[in-house]
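Asker:
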Amino acid sequence: MPPYGPGRKQINCGQHRPTQLHRRANISGVNMSETAMAFAGAPLDLAENQRSTEQLTAFSKARKAQALIMHHGQFLTKNGTLATLPPMKLVGKHLYDPGPLFLGLDGNIPLFAFSLAQEDEALDLVNGTALEPIRNLALTLPPKELALAGRAKSLFDWHRAHKFCAMCGKESQVQNGGVTRKCPSCNTDHFPRVNPVVIMLVANGDNCLLGRGPEWPEGAYSCLAGFVSSGETVEEACVREVFEEVGIHVQNPTYKFSQPWPFPSQLMMGLFCEATTTEITLDKKELADAIWVSKDTVRAAFDGTDTTFLCPPPFTIAHQLLKKWIEA
-19 MPPYGPGRKQ INCGQHRPTQ LHRRANISGV NMSETAMAFA GAPLDLAENQ RSTEQLTAFS
41 KARKAQALIM HHGQFLTKNG TLATLPPMKL VGKHLYDPGP LFLGLDGNIP LFAFSLAQED
101 EALDLVNGTA LEPIRNLALT LPPKELALAG RAKSLFDWHR AHKFCAMCGK ESQVQNGGVT
161 RKCPSCNTDH FPRVNPVVIM LVANGDNCLL GRGPEWPEGA YSCLAGFVSS GETVEEACVR
221 EVFEEVGIHV QNPTYKFSQP WPFPSQLMMG LFCEATTTEI TLDKKELADA IWVSKDTVRA
281 AFDGTDTTFL CPPPFTIAHQ LLKKWIEA
């Protein structure tokens, strides 16, 4: 079987040269948030109609083609940026399933991701490189590179967890450069899973409600969050999750912005809501603590004058929700 798996049938897509300029969808008319969010903003044309085996092979051989390199979920880096190589230089290396992934086109540059099975093989590719987890890179990588790394990690995590067909149990096969899998036994198509999560800034005047997870360090607090359940709107999930975790009633849940979160593959949807009660009844299975915090306390944590209260780091949507709240 070709390294990219069987491609989908192409209809009227013509002959595409791998070096021609491709465009992303025009989102200029979309009401996008002004908040710059980590892991978002990958400059990619996903090239959904250019993923036949022949086209993917041509992309991999293109003069400008580049590949990100991973090992056990960590990324190969050099001098504070992602290390890349032409995909053809990785032919013959020991790869994890599903093999190379085609991330998309950055202008006229085909971008791939390879997950190498052997650490020394990855480190020997480029002199002076290191393998680093994406959480560490979130503090240092340029936004574009972080978004590409997040997409690669989410796709590899999905393939690792969904190797077998959920309908019949047979091993499925990679399709379309890694954006789908197909079961050869029952012909079921499988698509990457994205889990919807609500994360809420619960406000009561100049105070907001924050929680601390059971395994978090003392002093570390963040916004409440939880998964959206079947048959539930984002707003309903917000109201339910707050009441379940802390016994607080809220109203007027208002969507603000979202963030792709590649741990392993969540879509975090940030909301503001207003508390109509203030007495906390803690669900100790979910939280170790929950407290009301003033805007002044959050400001002091942000500017470093209060080191006893630890806010979520800047690359998180929780940090951005708190920042938007104290600036209001």
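For the sequence shown, position 123 matches number 103 in this note's numbering, and the numbering has no gaps at all. The C-beta atom is built at its ideal place from N, Cα and C for all residues, glycine as well.
1. For L301, count neighbouring Cβ atoms within 10 angstroms of its own Cβ and tell me buried if that reaches 16, exposed if not.
2. Cutting at 6 Å between CB atoms, please list the residues of its own chain near W241, excluding the five before and the five after it.
3. What is the rounded straight-line gap between the Cα of K162 and the Cα of K150?
4. Count the other C-beta atoms from every protein chain shown that fall within 10 angstroms of the C-beta of H170, then say buried if there are 16 or more, exposed otherwise.
5. Report the start-end ranges of each alpha helix (DSSP H) in the segment 13 to 72 that is 4 residues or longer and not cut off at the edges.
6. Within a Cβ cutoff of 8 Å, which residues of the same chain sit near E112, ignoring the five residues on either side of it in sequence?
7. Kindly examine the ligand MG and report whether one of its heavy atoms sits closer than 7 Å to the Cβ of S238.
8. Check whether the segment 16 to 28 touches the segment 123 to 141, counting contact only when three or more Cβ pairs, one atom from each stretch, lie closer than 8 Å.
9. Going by Cα to Cα distance, which pick from S202, N88, S165 and L62 is closest to N116?
10. Rounded to the nearest angstrom, how far is the Cβ of V177 from that of S245, given a contact under 8 Å?
11. Does C166 pass the burial test, meaning 16 or more other C-beta atoms within 10 Å, or should it be called exposed?
12. Answer yes or no: do Q98 and P66 have a C-beta to C-beta separation smaller than 8 Å?
13. Measuring only the C-alpha atoms, how far is P197 from P293?
14. I'd like the list of long-range same chain contacts for V349, defined as Cβ closer than 7 Å, with 5 residues on each side in sequence excluded.
15. Would you mind sorting P78 into buried or exposed? The rule is 16 or more other CB atoms within 10 Å of its CB.
16. Assuming contact is defined by CB atoms lying nearer than 8 Å, are F39 and P90 in contact in what I supplied?
17. Among all the DSSP beta bridges, which residues are the ones paired with K162?
18. Under a Cβ-count criterion, where at least 16 other Cβ atoms within 10 Å of its own Cβ denotes burial, should V71 be classed as buried or exposed?
19. Just the Cα atoms here: how many angstroms apart are L251 and F223?
20. Give the secondary structure of S274 by DSSP, where H, G and I count as helix, E and B as strand, and everything else as coil.
21. Return the CA-CA distance between I114 and L121, expressed in angstroms with no decimal places.
22. What three-state label does DSSP hand F243 in the structure shown?
23. How many whole angstroms separate the CB atoms of E343 and G206, which I take to be in contact at a CB cut-off of 8 Å?
24. Just the Cα atoms here: how many angstroms apart are I49 and K133?
25. Would you kindly report the start and end of the unbroken alpha helix (DSSP H) that includes A102?
26. Within this structure, are the beta carbons of C291 and V182 separated by less than 8 Å?
27. What does V178 pair with, by DSSP beta-bridge criteria?
28. Tell me which residue opens and which closes the alpha helix (DSSP H) that F136 is part of.
29. Is it buried or exposed, N107, if we count other Cβ atoms within 10 angstroms and call 16 or more buried?
30. Please return the same chain residues whose Cβ sits closer than 6 Å to the Cβ of N81, not counting the five positions on each side in sequence.
31. Buried or exposed for T287, going by 16 or more other Cβ atoms inside 10 Å?
32. Can you find the residues in the same chain that come closer than 8 Å, C-beta to C-beta, to A141, ignoring five residues on each side of it along the sequence?
Answerer: Concretely, from the data shown:
1. Per the 10 Å Cβ criterion, buried.
2. Excluding residues up to 5 positions away in sequence, M248 lie with their Cβ nearer than 6 Å to the Cβ of W241 in the same chain.
3. Each residue's Cα considered, the two are about 10 Å apart.
4. It is buried - the Cβ of H170 has at least 16 other Cβ atoms within 10 Å.
5. If only uninterrupted alpha helix (DSSP H) runs of at least 4 residues are considered, those enclosed by the segment 13 to 72 are 33 to 41.
6. The beta carbon of E112 is closer than 8 Å to those of Q54, F55 and T57 in its chain, skipping five residues each way along the sequence.
7. Annotation note on the ligand MG: not contained in the displayed structure, which lists no ligands.
8. By the criterion of at least three beta-carbon pairs nearer than 8 Å, the segment 16 to 28 is in contact with the segment 123 to 141.
9. Minimum Cα distance to N116 is reached at L62.
10. That belief does not hold up - the Cβ atoms of V177 and S245 are roughly 10 Å apart, past 8 Å.
11. Label assigned to C166: exposed.
12. No, the Cβ-Cβ distance between Q98 and P66 is not below 8 Å.
13. One C-alpha to the other measures close to 14 Å.
14. Any property of residue 349 remains undetermined from this structure, which presents the chain solely from -19 to 308.
15. Of the other Cβ atoms in all chains shown, 16 or more fall within 10 Å of the Cβ of P78; this residue is therefore buried.
16. Going by C-beta atoms, F39 is nearer than 8 Å to P90.
17. Looking at the DSSP output, K162 sits in a beta bridge with Q153 and D169.
18. Exposed is the call here.
19. Each residue's alpha carbon lies about 15 Å from the other.
20. In the structure shown, S274 sits in a strand (DSSP, three-state: E or B).
21. In a straight line, the C-alpha of I114 is about 9 Å away from that of L121.
22. Assignment of F243 by DSSP, reduced to helix, strand and coil, places it in the coil class.
23. As shown, the chain starts at -19 and ends at 308. That puts residue 343 outside it, with no answer to give.
24. Roughly 11 Å separates the two Cα atoms.
25. Unbroken alpha helix (DSSP H) run through A102: E99 to L103.
26. Between C291 and V182, the C-beta gap is not smaller than 8 Å, which leaves the two residues out of contact.
27. For V178, which the question treats as bridged, DSSP gives the partners G206 and M249.
28. That run of the alpha helix (DSSP H) goes P123 to A141.
29. N107 should be labelled exposed.
30. One point to set straight first is that residue 81 is Leu, not Asn, in the sequence displayed. Hits under 6 Å: A93, L135 and G158.
31. T287 should be labelled exposed.
32. Correct list, in chain order: P244.
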